[in-house]
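Q:
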Amino acid sequence: MTSGGDAAGMNPAVKSAAEYAKKCGMEPYLVEWGLRGLIEGWIHAATSERLSGILHRGGTVLGSSRSKRFFEYQFRKKAFENLEKMGISKLVVIGGDGSFSALNQFHADFGVPFAGIPATIDNDIPGTDYCLGVDTALNMIRQSVDCIRDTAASFSRAFVVETMGRHCGYLAMTSALATGAEICLVPEIKYDLDSIAEKMRLEKEQGRRYLLAIVAEGTGMGESLTRWMNDALGMDARLTVLGHVQRGGSPTVYDRIMAFKFAVAAIDALSAGKTNQVIVFRDGTFGNIAIGEIADIKHRVDANLIELCEGLSR
Ligand code: F6P
Numbered sequence: 003m004t005s006g007g008d009a010a011g012m013n014p015a016v017k018s019a020a021e022y023a024k025k026c027g028m029e030p031y032l033v034e035w036g037l038r039g040l041i042e043g044w045i046h047a048a049t050s051e052r053l054s055g056i057l058h059r060g061g062t063v064l065g066s067s068r069s070k071r072f073f074e075y076q077f078r079k080k081a082f083e084n085l086e087k088m089g090i091s092k093l094v095v096i097g098g099d100g101s102f103s104a105l106n107q108f109h110a111d112f113g114v115p116f117a118g119i120p121a122t123i124d125n126d127i128p129g130t131d132y133c134l135g136v137d138t139a140l141n142m143i144r145q146s147v148d149c150i151r152d153t154a155a156s157f158s159r160a161f162v163v164e165t166m167g168r169h170c171g172y173l174a175m176t177s178a179l180a181t182g183a184e185i186c187l188v189p190e191i192k193y194d195l196d197s198i199a200e201k202m203r204l205e206k207e208q209g210r211r212y213l214l215a216i217v218a219e220g221t222g223m224g225e226s227l228t229r230w231m232n233d234a235l236g237m238d239a240r241l242t243v244l245g246h247v248q249r250g251g252s253p254t255v256y257d258r259i260m261a262f263k264f265a266v267a268a269i270d271a272l273s274a275g276k277t278n279q280v281i282v283f284r285d286g287t288f289g290n291i292a293i294g295e296i297a298d299i300k301h302r303v304d305a306n307l308i309e310l311c312e313g314l315s316r
């Protein structure tokens, strides 16, 4: 099943988890519409027909949801009865930490083991360096910012581009570096507008004609930074909020390959008798950690990335 915010890479993960499970002698099923589908019993056999032609598609063909009802025991019981009826004894959930916590509660209630595959463009799940969907989102942002640079340069303007990421600045930092933005504001780094203004003034004197700033949505600075560019830097400034375009698009090669590897690791973990584990990718290797341990880890963006971006915040 896929659950929570959709992310590119969910479909290849669904396909490879189901196909690998078959290879391991299991009988896989697909849950539609996430936790809601579990409650309603929207569950189908993972036939070749359902699994073909989905690999390259963005979002999730199974559908997803953020179900408040799953917090209530009576609805979790209904979900358990649906699984029991169909003889389903293990779950693979592709989603974020909210979905993993929900299934952890489900495991505590009814003992159904699950393996979680991290998927969110925010890349903010503790314990893993990578979540499915991030590379596709970054390429989407990169493409958009490259386009904005064309018009910014042609018109000698300043542009603020706001990226998603909730409270995490990973998308903003990585795309600021990849697109050569002059300014980057994220929740993880203390910024200094006076020092940025001084730096930009000098660059303008040396011939800089346009300016790109990438701002993480978690800073809430998109509009005020745009006004500041007008007022303090004296530049004609525009704001582009990229929004949900970052969540769509065909998964990149990296997301597809990572999806295969996460899926195999999830099925292997369940086959090995693991119960409530999240599959993680750390320092180049796959592993799994208990969801309980994740709750104790605070997510931190890679310190090297923060260091590289500090110069863009002051
Ligand atoms: O968690 C993924 C994400 O796209 C965040 O980056 C963003 O803040 C949020 O979901 C948007 O949520 P919704 O799709 O409910 O508007």
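Position 135 of the sequence shown, counted from 1, bears residue number 137 in the numbering used here, the numbering being contiguous throughout.
Note that CB positions come from ideal geometry on N, CA and C, so glycine has one too.
(1) Could you spell out the range, first to last residue, of the alpha helix (DSSP H) harbouring residue 178?
(2) Between residue 78 and residue 41, what straight-line distance do the alpha-carbon atoms span, to the nearest angstrom?
(3) Reducing DSSP to helix, strand and coil, say where residue 14 ends up.
(4) Tell me whether the beta-carbon of residue 22 lies closer than 8 Å to the beta-carbon of residue 45.
(5) Within 8 Å (strictly less), CB to CB, does residue 246 reach chain B?
(6) Is residue 259 helix, strand or coil when you go by DSSP?
(7) Kindly examine the ligand F6P and report whether one of its heavy atoms sits closer than 7 Å to the Cβ of residue 196.
(8) Given 7 Å as the limit, tell me if residue 127 has its C-beta closer than that to any heavy atom belonging to the ligand F6P.
(9) According to DSSP, simplified to helix, strand and coil, what is residue 193?
(10) Between the C-alpha atoms of residue 218 and residue 89, what's the straight-line distance to the nearest angstrom?
(11) Per DSSP, residue 161 is paired with what?
(12) Express the C-alpha separation of residue 33 and residue 39 in angstroms, rounding to a whole number.
(13) Alpha carbon to alpha carbon, how far is residue 246 from residue 125?
(14) Using a Cβ-Cβ cut-off of 8 Å (strictly less than) and excluding sequence neighbours within five positions of residue 269, which residues of its own chain qualify?
A: Inspection of the coordinates gives the following:
(1) Taken as a continuous stretch (DSSP letters only), the alpha helix (DSSP H) holding residue 178 covers 172 to 181.
(2) The alpha-carbon atoms of residue 78 and residue 41 are separated by roughly 7 Å.
(3) DSSP, read as helix, strand or coil, puts residue 14 in helix.
(4) Not in contact: residue 22 and residue 45 (Cβ atoms no closer than 8 Å).
(5) Judged by its chain identifiers, the structure shown contains no chain B, having just a single protein chain.
(6) Residue 259 falls in the helix class under three-state DSSP.
(7) In this structure, the C-beta of residue 196 stays at least 7 Å away from each heavy atom of the ligand F6P.
(8) No, the Cβ of residue 127 stays beyond 7 Å of every heavy atom of the ligand F6P.
(9) Correct three-state label for residue 193: coil.
(10) If I take the Cα positions, the gap works out to 45 Å.
(11) Bridge partners of residue 161: 214, 240.
(12) As the crow flies, the alpha-carbon of residue 39 is around 6 Å from that of residue 33.
(13) Straight-line spacing of the CA atoms in residue 246 and residue 125 works out to 16 Å.
(14) Scanning its chain for C-beta atoms nearer than 8 Å, with the 5 sequence neighbours on each side dropped, one finds around residue 269 the residues 19, 22, 23, 26, 28, 94, 117, in chain order.
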